[in-house]
Amino acid sequence: EVQLVESGGGLVQPGGSLKLSCAASGFTFSNDYMAWVRQAPKKGLEWVATISTSGLTTYYPDSVRGRFTISRDNAESSLYLQMNSLRSEDTATYYCVKHTSRISIDYWGQGVLVTVSS
Amino acid sequence: DIQMTQSPVSLSASLGETVSIECLASEGVSNDLAWYQQKSGKSPQLLIYAASRLQDGVPSRFSGSGSGTRYSLKISGMQPEDEADYFCQQSYKYPLTFGSGTKLEIK
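Keeping their order, the protein sequence lines are chains A and B. Using this note's numbering, the first residue of the first sequence is number 7, and each one after it goes up by one. Using this note's numbering, the first residue of the second sequence is number 49, and each one after it goes up by one.
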């Protein structure tokens, strides 16, 4: 059974930093692209970052590029999201997700809440 | 960026009714289109990928169709457990983009 378990969320002040982690199990982690998707309270879904199997290639939308960094440790089957210069608009539930070969998303974690507020 | 315009924003359906949700892409996405269901307080789940392929374990009353810029999700025979939010997503080009969602309720 595929499991994606996020951790590291919480309350942070504007301008602060936070690092999210995702522990993956139930599949060969190193074979799949992984990503983070977020959802602001009562809002829709927003893609945040994708990382290739090797970790050498990453993709970001303009809204987080230069502030967020996605990384992975294939030996530990773990995915990370380093978030710097956080803004109030980054407040959301962050989901760790597994991509299919066609870059849709076949598995989602339970999500972790990040609140950016003073 | 490819904009995904999803309609309607909300709808209500009677049990057994057939419903359709549409997604219009601002440019062609070559069938790289997925549909997700999100029940209240839960994580989204994949229903349809590659525009028309049913994800394993998803009931056959769900189906997807379309091509180019226009795609649709159909539920043939609304069930109580289908009450949820539905989102489309294009994976043709980065940045990956989602539709704004459709809230489906039971009438």
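Each residue gets a CB set at the ideal place from its N, CA and C atoms; glycine is no exception.
Residue burial is scored here from C-beta neighbours: A:Val54 has at least 16 other C-beta atoms within 10 angstroms and is therefore classed as buried. When 7 Å is used as the limit between beta carbons, A:Ile76 is near no residue of chain B, the shortest such separation being about 13 Å.
If you ignore the 5 residues before and after A:Ser124, its C-beta comes within less than 8 Å of the C-beta of Gln19, Pro20, all in its own chain and listed in chain order. For A:Tyr113, the enclosing beta strand (DSSP E) starts and ends at 111-114. Contact check for B:Trp83 against B:Leu102 fails: the beta carbons are separated by 8 Å or more. Approximately 5 Å separates the beta-carbon atoms of B:Tyr140 and B:Ser78; this is inside 8 Å, confirming the contact.
Bounds of the beta strand (DSSP E) holding B:Phe135 are 132-138.
Spanning the alpha carbons of B:Ile123 and B:Asp49 requires a straight line of approximately 29 Å. Secondary structure within the segment 77-147 of chain B: the beta strand (DSSP E) runs of 3 or more consecutive residues, fully enclosed, are 81-86, 93-97, 110-115, 118-124, 132-138 (chain order).
The segment 46-62 of chain A and the segment 59-75 of chain B do not touch, with fewer than three beta-carbon pairs separated by less than 8 Å. When C-beta distances to chain A are compared with 9 Å, the residues of the segment 127-144 of chain B below that value are Asp133, Phe135, Gln137, Ser139, Tyr140, Tyr142, Pro143, Leu144, in chain order.
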